[in-house]
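For the record, in the sequence shown the residue sitting at position 206 is 261 according to the working numbering, with numbers rising by one throughout. We put the beta carbon where it would ideally sit given N, CA and C, even for glycine. Okay, so here's the structure we're looking at.
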Amino acid sequence: MNYKGLWDGSPQLSKIASRNVMLVQLVLALFLGSLLVGVCAGEDSVLKMASPWEPKSLDPVVYSLNIEIAEPLLSVDSEGKLSPKLAKSWDVSEDGLTWTFHLRDDVKFHDGTPFTADAAKASLERTFRKSAEYSSVKTFPIESVKAADKYTLIITTSRPFAPLAGYLSKDATDILAASSLNDKDEVIKPVGTGPFKFDSWVPKESMTAVRFDDYWGTKAKMEKVIFQCVPEEKTRESMLRAGDADIIGTLSPALSLKLAKDPDFTIYTQKEMGRVRHILFNTNKQPLDDVRVRKAISMAVDRDLICKSLLEGVDETAAAPFSPDLYWANKNLEMPSFDPEKAKALLEEASWTDTDNDGIREKDGKKLEIALFTYTSRPELPSIAEALKDQLGKVGIKIKITILDNSAVMEQAKGGKVDMYLVSINALLNRDPDTWASYFTPASYYYDCMNYAPEDVVSLIQKGRETMDTEKRKEIYDQLQEKILEDAPVAYLTYYSGISATRSNVHGYELSLIGEHHLENVYKE
56 MNYKGLWDGS PQLSKIASRN VMLVQLVLAL FLGSLLVGVC AGEDSVLKMA
106 SPWEPKSLDP VVYSLNIEIA EPLLSVDSEG KLSPKLAKSW DVSEDGLTWT
156 FHLRDDVKFH DGTPFTADAA KASLERTFRK SAEYSSVKTF PIESVKAADK
206 YTLIITTSRP FAPLAGYLSK DATDILAASS LNDKDEVIKP VGTGPFKFDS
256 WVPKESMTAV RFDDYWGTKA KMEKVIFQCV PEEKTRESML RAGDADIIGT
306 LSPALSLKLA KDPDFTIYTQ KEMGRVRHIL FNTNKQPLDD VRVRKAISMA
356 VDRDLICKSL LEGVDETAAA PFSPDLYWAN KNLEMPSFDP EKAKALLEEA
406 SWTDTDNDGI REKDGKKLEI ALFTYTSRPE LPSIAEALKD QLGKVGIKIK
456 ITILDNSAVM EQAKGGKVDM YLVSINALLN RDPDTWASYF TPASYYYDCM
506 NYAPEDVVSL IQKGRETMDT EKRKEIYDQL QEKILEDAPV AYLTYYSGIS
556 ATRSNVHGYE LSLIGEHHLE NVYKE
């Protein structure tokens, strides 16, 4: 049969063919259009966040992931109070030894297995026994962890331990499913209960999480979140401007003011509960083994100038670890005065004098030179270090600045090479003052930076841990703050506000009181 004749020769068939061609074209147009819409929707459902923090491990005991993959039993609410999370409620016995946690019964792990008291028991037992270098829970006086029934967990301690509830709100105690671990008890894939589940990790580059549709709480609006590790603040800014990042975190006040002038961006500033910028002194190394030198340094620092000129008035000067608005603050402590002349007098009293008039003091033929270390993850710290160098130089102290990442500084500290360390540490990360107090114990991550753990201080810390009455604990921590101010193993400089920026089409973002990025309500227009 000659199909050509049928097609070309018949006007009716030509019209039919023409209509068919138009129909095919319409279907193709609709199909391609739907593909384009799908691509756009896919792009709008992916959230890209850039921060300077590089996950060192997939294990929450070793490193705080802070990306809502796994959850602890308790949490910290928007008012800074301990609140339920995987535990609906909890109570403690009168003797302070038995803690009972009543767990949610509607929670699944990302692998589909149910969250139960047995699962929580296995996860917490691993946490408590793991002696990782970065673990903040390795000295807990845990006697046993038991599942009383399917949704009741009982933790027994060998002695009263008041901070326990607070520590159970920290990332280090996140509950992981058994499938997270290999046969060596190592986390190979964090399988948690959070609104996002782990997808992939490229060390030193990024971590990707996807929405968990069976989440027990508010379902995340974004299908995927990509957390990008970008150490340089300028690079994070460029990524935000180019659309390569929807959110950038840990910004300097200077950059936040710059971005605030652009309607394409929204700035989020949150005074972080308990975080304070301060100097750690190596009290075991000359010349900082002399308390007069440490106090002279504190007096020579113009905190007001740092707040106004470097922090753009965003943050306030600090006299102690807890700002006056916090319950644990000792209201009787006075702000260290900026008094360069008194600082000079203290140095003279300590026999540090400038005999050759070169502007640098010396003693026994040795110049008063001090190594100051800091890091760039908090982008304002290097500028503050430069200000300290200038201000201390005016009283005859020569400062040598070294900038490394935090882990590298700690290695230097173990070798006794760190004289002073400029840091930004959260003293109430778990809403309990033991977070701060624990820095002054031999088990502290920062002990090698200070070498400060006198018996009377350690005794006060232990007393604070074993006292269950909150008001009595407050009195103990007031005493401890006074002791720290007297001995000056640290110099508190300023309080801290976390700052993030989003593109203007990003909504629902929240920066918490303890520096967490809450992303479950985030969506893009």
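- The DSSP-derived three-state label of D511 is helix.
- Along the region 162 to 226, the alpha helix (DSSP H) occurs as fully enclosed runs of 4 or more residues at 172 to 184 and 219 to 222, listed in sequence order.
- Between V331 and Y550, the C-beta gap is smaller than 8 Å, which places the two residues in contact.
- Setting aside the 5 residues that flank it on each side, A546 is surrounded in the same chain by H333, I334, F336, R349, I352, S353, V356 and P391, each with a C-beta closer than 8 Å to its C-beta; the list follows chain order.
- Nearest in C-alpha terms to L381, of all of K140, S555, Y532 and V101, is Y532.
- The Cβ neighbour count for E571, taken over all protein chains shown within 10 Å, is at least 16; the residue is labelled buried.
- Along the region 486 to 568, the beta strand (DSSP E) occurs as fully enclosed runs of 3 or more residues at 545 to 558, listed in sequence order.
- Counting C-beta pairs with one atom in each stretch, the region 507 to 521 and the region 212 to 226 have three or more that are closer than 8 Å, which means they touch.
- Contact between the region 248 to 260 and the region 498 to 511 is not established, with fewer than three Cβ pairs separated by less than 8 Å.
- Under the three-state reduction of DSSP, I352 is assigned to helix.
- If only complete runs of 3 or more residues are kept, the region 283 to 326 shows no beta strand (DSSP E) anywhere.
- Straight through space, the alpha carbons of P497 and L423 are spaced by roughly 28 Å.
- The C-beta distance from F253 to K244 rounds to 6 Å, short enough to meet the 8 Å contact threshold.
- Under the DSSP assignment, P437 falls in the alpha helix (DSSP H) whose first and last residues are L436 to G448.
- In its chain, beyond the 5 residues on either side, H157, L158 and R159 have a beta carbon closer than 8 Å to the beta carbon of K143.
- The C-alpha of S567 is placed about 19 Å away from the C-alpha of R558.
- A straight line joining the alpha-carbon of P110 with that of Y222 spans about 21 Å.
- Counting the other Cβ atoms within 10 Å of the Cβ of G167 gives fewer than 16, which makes it exposed.
- Across the set E287, F282 and S438, the C-alpha of S438 shows the shortest separation from the C-alpha of C362.
- Nearest neighbour of M104 by Cα position, chosen from D226, T207, V200 and S293, turns out to be S293.
- In terms of CA proximity to Q467, A426 leads the group K136, A426 and A172.
- The residue among G563, E580, N576 and E575 with its C-alpha nearest the C-alpha of I322 is G563.
- A direct Cα-Cα distance of roughly 14 Å separates W154 from S224.
- Rounded to the nearest whole angstrom, the C-alpha separation of K579 and D413 is 60 Å.
- Taking L102 as reference, the option from V200, S261, E180 and M277 with the minimal CA-CA separation is M277.
- Apart from the 5 residues on each side of it in sequence, G151 sits with its Cβ closer than 6 Å to the Cβ of P215 and M523 in its chain, given in chain order.
- At least 8 Å separates the beta-carbon of I480 from that of V131.
- Looking only at T431, P318 and Y206, the smallest Cα-Cα distance to V162 is reached by Y206.
- If you check the CB distance, I554 and T211 do not come in under 8 Å.
- Secondary structure of D394 (DSSP, three-state): coil.
- With fewer than 16 other CB atoms across the displayed protein chains lying within 10 angstroms of its CB, T525 is exposed.
- Counting of Cβ neighbours within 10 angstroms places S462 among the exposed residues, the total staying below 16.
- Where A463 is concerned, the enclosing alpha helix (DSSP H) starts and stops at N461 to K469.
- Cβ contact annotation for L314 (same chain, cutoff 7 Å, sequence separation greater than five): F320, I322 and A556, in chain order.
- L540 is a Cβ neighbour of L388, given a cutoff of 8 Å.
- Distance from K140 to L129 at the Cβ level is roughly 5 Å; contact confirmed, criterion being Cβ atoms closer than 8 Å.
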